[in-house]
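Undergrad: Order-wise, the sequence lines are chains B and G.
Going by our numbering, the first sequence opens with residue 1, and the numbers climb by one from there.
Going by our numbering, the second sequence opens with residue 216, and the numbers climb by one from there.
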Amino acid sequence: MTKIKHHLTDALLMGYAAGSLPEAFNLVVATHISMCDTCRAALAEFEAVGGEVMLDADPVDMAEDALTAAMARIMAAPRREQPKAAPVRGVFPAPLRDYVSGDLDRVKWRKIGGGVSQMVLKTDGGASVRLLRIPAGTAVPDHGHRGTELTLVLQGAFVDETDRFGAGDIEVANEDLNHTPVAEQGVDCICLAATDAPLRFKGLLPRIAQRFIGI
Amino acid sequence: AEATTKRMAWVTQVAAVRDAKDKAAFAELFAYFAPRVKSFLMKSGASPDLAEECAQEVMVTLWNKAHLFDPAKASVSTWIFTIARNRRIDLLRKQKRPEPEDLPWGPEAEPEQAEAMGLQQETEQLGQALAALPAEQRKLIERAYFGELSHSEIAAETGLPLGTIKSRIRLALERLRHTMK
Ligand SMILES: [Zn+2]
Ligand SMILES: [Zn+2]
Numbered sequence: 001m002t003k004i005k006h007h008l009t010d011a012l013l014m015g016y017a018a019g020s021l022p023e024a025f026n027l028v029v030a031t032h033i034s035m036c037d038t039c040r041a042a043l044a045e046f047e048a049v050g051g052e053v054m055l056d057a058d059p060v061d062m063a064e065d066a067l068t069a070a071m072a073r074i075m076a077a078p079r080r081e082q083p084k085a086a087p088v089r090g091v092f093p094a095p096l097r098d099y100v101s102g103d104l105d106r107v108k109w110r111k112i113g114g115g116v117s118q119m120v121l122k123t124d125g126g127a128s129v130r131l132l133r134i135p136a137g138t139a140v141p142d143h144g145h146r147g148t149e150l151t152l153v154l155q156g157a158f159v160d161e162t163d164r165f166g167a168g169d170i171e172v173a174n175e176d177l178n179h180t181p182v183a184e185q186g187v188d189c190i191c192l193a194a195t196d197a198p199l200r201f202k203g204l205l206p207r208i209a210q211r212f213i214g215i
Numbered sequence: 216a217e218a219t220t221k222r223m224a225w226v227t228q229v230a231a232v233r234d235a236k237d238k239a240a241f242a243e244l245f246a247y248f249a250p251r252v253k254s255f256l257m258k259s260g261a262s263p264d265l266a267e268e269c270a271q272e273v274m275v276t277l278w279n280k281a282h283l284f285d286p287a288k289a290s291v292s293t294w295i296f297t298i299a300r301n302r303r304i305d306l307l308r309k310q311k312r313p314e315p316e317d318l319p320w321g322p323e324a325e326p327e328q329a330e331a332m333g334l335q336q337e338t339e340q341l342g343q344a345l346a347a348l349p350a351e352q353r354k355l356i357e358r359a360y361f362g363e364l365s366h367s368e369i370a371a372e373t374g375l376p377l378g379t380i381k382s383r384i385r386l387a388l389e390r391l392r393h394t395m396k
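1) Using a C-beta to C-beta distance shorter than 8 Å, which residues of chain G count as neighbours of Arg106(B)?
2) In terms of alpha-carbon separation, which member of Lys3(B), Ile4(B) and Arg40(B) lies closest to Ala17(B)?
3) For ligand 1, is there any heavy atom lying closer than 7 Å to the beta carbon of Leu8(B)?
4) Starting from Ser117(B), trace the beta strand (DSSP E) in both directions and tell me its first and last residue.
5) Which first and last residues belong to the beta strand (DSSP E) in which Arg312(G) is found?
6) Is it the case that the CB of Cys191(B) approaches a heavy atom of ligand 1 more closely than 7 Å?
7) Under the rule that 16 or more other beta-carbon atoms within 10 Å means buried, what is Met75(B), buried or exposed?
8) In whole angstroms, give me the CA-to-CA distance for Pro322(G) and Arg200(B).
9) When DSSP labels each residue in this structure, what does Ser101(B) get in the three-state scheme?
10) Pull the bridge partners of Glu149(B) from the DSSP assignment, please.
11) Helix, strand or coil for Gln228(G)? Go by DSSP, reduced to three states.
12) Of all the CB atoms in chain B, is at least one closer than 8 Å to the CB of Leu345(G)?
13) Does DSSP classify His143(B) as helix, strand or coil?
14) Do you know offhand how far Val229(G)'s Cα is from Met71(B)'s?
15) Given this structure, state the Cα-to-Cα distance separating Glu217(G) from Ala48(B), to the nearest angstrom.
16) For Lys202(B), which of helix, strand or coil comes out of DSSP?
17) Tell me the DSSP bridge mates of Ala183(B)?
18) Would you mind telling me which residues of chain B sit closer than 7 Å to Ala270(G), beta carbon to beta carbon, in chain order?
19) Any heavy atom of ligand 1 closer than 7 Å to the beta-carbon of Cys36(B)?
20) Would you mind working out which of Val153(B), Asp169(B), Gly144(B) and Asp160(B) sits nearest Glu175(B), comparing C-alpha positions?
21) Just to confirm my understanding: we take Arg308(G), look at its own chain, exclude 5 residues before and 5 after, and list those with CB closer than 7 Å. What are they?
22) By the 9 Å beta-carbon criterion, what residues does the region 302 to 313 of chain G contribute toward chain B?
23) Shorter than 8 Å from the beta carbon of Leu125(B) to some beta carbon of chain G?
24) Tell me which same chain residues have a C-beta within less than 8 Å of the C-beta of Ser20(B), skipping the five on either side of it?
25) Between His229(B) and the rest of its own chain, which residues show a CB-CB distance below 6 Å, the 5 nearest in sequence each way excluded?
26) Listed from N- to C-terminal order along the chain, which residues in the region 130 to 155 of chain B have their beta-carbon within a distance smaller than 8 Å of any beta-carbon of chain G?
27) At which residues does the alpha helix (DSSP H) containing Ile74(B) begin and terminate?
28) Using the C-alpha atoms, what's the distance from Met35(B) back to Leu318(G)?
29) Within 10 angstroms of the Cβ of Val88(B), are there 16 or more other Cβ atoms? Answer buried if so, exposed if not.
30) Which whole-angstrom value is the C-beta distance of Glu184(B) and Ala139(B), which I expect to be below 8 Å?
31) Let me have the residue list for ligand 2: C-beta closer than 5 Å to any non-hydrogen atom, ordered along the chain.
32) Going by Cα to Cα distance, which pick from Phe165(B), Pro181(B), Asp37(B) and Leu150(B) is closest to Val116(B)?
33) Keeping to the same chain, check which residues put their C-beta closer than 7 Å to that of Ala24(B); ignore five residues upstream and five downstream.
34) Over the uninterrupted beta strand (DSSP E) stretch that includes Leu131(B), give me the two end residues.
35) With a threshold of 7 Å, establish whether the CB of His32(B) neighbours any heavy atom of ligand 1.
36) Between Val53(B) and Tyr360(G), is the Cβ-Cβ spacing less than 8 Å?
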């Protein structure tokens, strides 16, 4: 794997550890962590903080028969050891494969103009997430952001005004950033992109198209 | 040192549940953790009844998944927190929670005692660092973990002493870097 240079922010790691991110963001975070040992370790730290916050909470008495009830449940439903599925190697890490029901070859692409294709993944809770395929050398129209946009590169690379983003890299964009991501020459760039608010396209044509593609 | 001994005792209790289905060890874990899980869930917005129900489920999960606990990767408190958090997402938000893929190096050898001890010590120090924070900062961190702060609110909150927190648990990172080589 190429070296990952762009990582999750502390706010995203803490939000994921706390369990307060929308599902679409959780998917992008879990997919990046599957590819990145640095962020996996950082997440362990943020989860440890959660554990200590929980320990510090003033204990609230359980019902008198709580332990008996819990033991009864344990005895009623003995645990079944689930055999661990053999790891599958592909372009997509496991959390993403769950949403696509397979790897890259299972994606149902839909053209959204300018050569770019997408597949929207079904999630709940106030943010959306999609796979994007940007043909090598193609630009995504110039746009700004009303909220947070997470773009995780799965294959290929793109370059924008800020830097180059290769496989495993994640760009966290917010209101302050206007950019025109361009896929590098070579292979098509495949990204997992989540937003919690619609993008702000500058050009008129992309703005009209936006109504139909819902980005 | 005494506090680390307590943490190592939890580790031993989880191992006893895993290896011997030890009900006494489970009862001790239950007595300590269930009321804290319940409190955590109530502070996260669950009603007392739901929190009670859910805390019981969390402890049942501890029994059933004891074989997945790795004391070189997490303190028992951290592990139980993650179970409670996932249950909360399930119950209160009714959302699916995508989890990272398991690390690719297959079944792990029994962790070194020293590694486990080191991680427990680090977590204990983290707990102490949190307790020593100014009240306002601690409050913010609590609110983040009770699910009261959105991602953008966390990002905007410059008062969060994230540097302090992150410098406390380096062992997990070191260990992962080692293993990935
Ligand atoms: Zn990373
Ligand atoms: Zn953007």
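Built from N, CA and C at the ideal position, the CB exists for glycine as well.
TA: Let me spell this out:
1) Correct list: empty, because the minimum Cβ distance to chain G is about 17 Å.
2) Arg40(B)
3) yes
4) Ser117 to Leu121
5) That residue, Arg312(G), is in no beta strand (DSSP E); it is neither H nor E in DSSP.
6) no
7) exposed
8) Confidence is the limiting factor: at Pro322(G) the pLDDT is only 48, short of 50, which leaves the residue's position unreliable and the question unanswerable from this model.
9) coil
10) Ala173(B) and Thr195(B)
11) helix
12) yes
13) strand
14) 15 Å
15) 19 Å
16) coil
17) Phe158(B)
18) Met62
19) yes
20) Gly144(B)
21) none
22) Arg303, Ile304, Arg308, Lys309, Gln310, Lys311, Arg312 and Pro313
23) This sequence places Gly at residue 125(B); Leu is not what is there. Closer than 8 Å: yes.
24) none
25) The requested residue 229(B) does not occur in the structure, where chain B is confined to residues 1 to 215.
26) Gly147 and Thr148
27) Ala66 to Ala76
28) 9 Å
29) exposed
30) Contact doesn't hold; Cβ gap of about 11 Å is too wide.
31) Glu149(B) and Ala173(B)
32) Pro181(B)
33) Thr123, Ala127, Ser128, Val129 and Ala194
34) Ser128 to Ile134
35) yes
36) yes
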